[in-house]
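The structure appears below as structure tokens.
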Amino acid sequence: MAADNNTVSFKTAPGFCPDCGSILPLLGDKGNVSCYSCKRIWGHEVFGDMAMTYTINFKSKSSYSRAKETDDNEQDADGPIVERRCPQCQNEKMSYATLQLRSADEGQTVFYTCTKCKFKETENS
């Protein structure tokens with residue numbers, strides 16, 4: 001389904017289909033590209049002198065270890081923290097999250113989680 005690349009509908013910037021104006025995908029394995037919109041096949045020349053570069057950055061092993069230690073040391077909260085007494089361990093801080101589980105004309109359901117013992121309770125507001 002190779003098309004005659006000499007006839008174009010209008011002039012476009014490199015990386016755009018000269019026939020329909022759509023953004024072209026990356027070059028294929030065979031050095032050509034097929035437009036997703038009009039299905040016309042173009043050679044690499046349609047990209048002009050564009051060059052693609054990319055850099056892959058890997059984190060060092062020590063930064064991963066430090067992040068893991070920090071996560072292990074902190075108490076994970078399931079959301080914002082409020083002053084609310086846990087009925088199980090009497091801790092004064094609980095995190096909360098809200099969801100709309102009932103119909104829209106009723107209030108939200110609030111889920112509280114103790115920051116110390118992870119006890120969970122719900123409240124229909």
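Take the sequence shown: its letter number 32 is residue 32 in UniProt numbering, and every next letter is one higher.
No residue lacks a Cβ here, since even glycine has one placed at the ideal position from N, Cα and C.
Going by Cα to Cα distance, which pick from the options is closest to residue i?
i: residue 11; options: 46, 41 and 37; result: 46
i: residue 106; options: 88, 19 and 125; result: 125
i: residue 111; options: 79, 88 and 22; result: 79
For residue i, which residues from the same chain have a beta carbon less than 7 Å from its beta carbon, with the 5 sequence-adjacent residues on both sides left out?
i: residue 50; result: 14 and 15
Leaving out five residues before and five after residue i in sequence, what residues of the same chain have Cβ atoms less than 8 Å from its Cβ?
i: residue 44; result: 27, 31, 32 and 33
With DSSP as the reference, label residue i as helix, strand or coil.
i: residue 47; result: helix
i: residue 120; result: strand
i: residue 63; result: helix
Tell me which residue opens and which closes the beta strand (DSSP E) that residue i is part of.
i: residue 97; result: 93-99
i: residue 114; result: 109-114
i: residue 81; result: 81-83
Using a Cβ-Cβ cutoff of less than 6 Å, which residues in the same chain neighbour residue i once the five nearest sequence positions on both sides are dropped?
i: residue 114; result: 86, 91 and 94
Could you tell me if residue i is buried or exposed, where buried requires 16 or more neighbouring beta carbons within 10 angstroms of its beta carbon?
i: residue 138; result: Summary: the structure shown does not reach residue 138, with the chain confined to residues 1 through 125, and so no result is reported for it.
i: residue 25; result: exposed
i: residue 117; result: exposed
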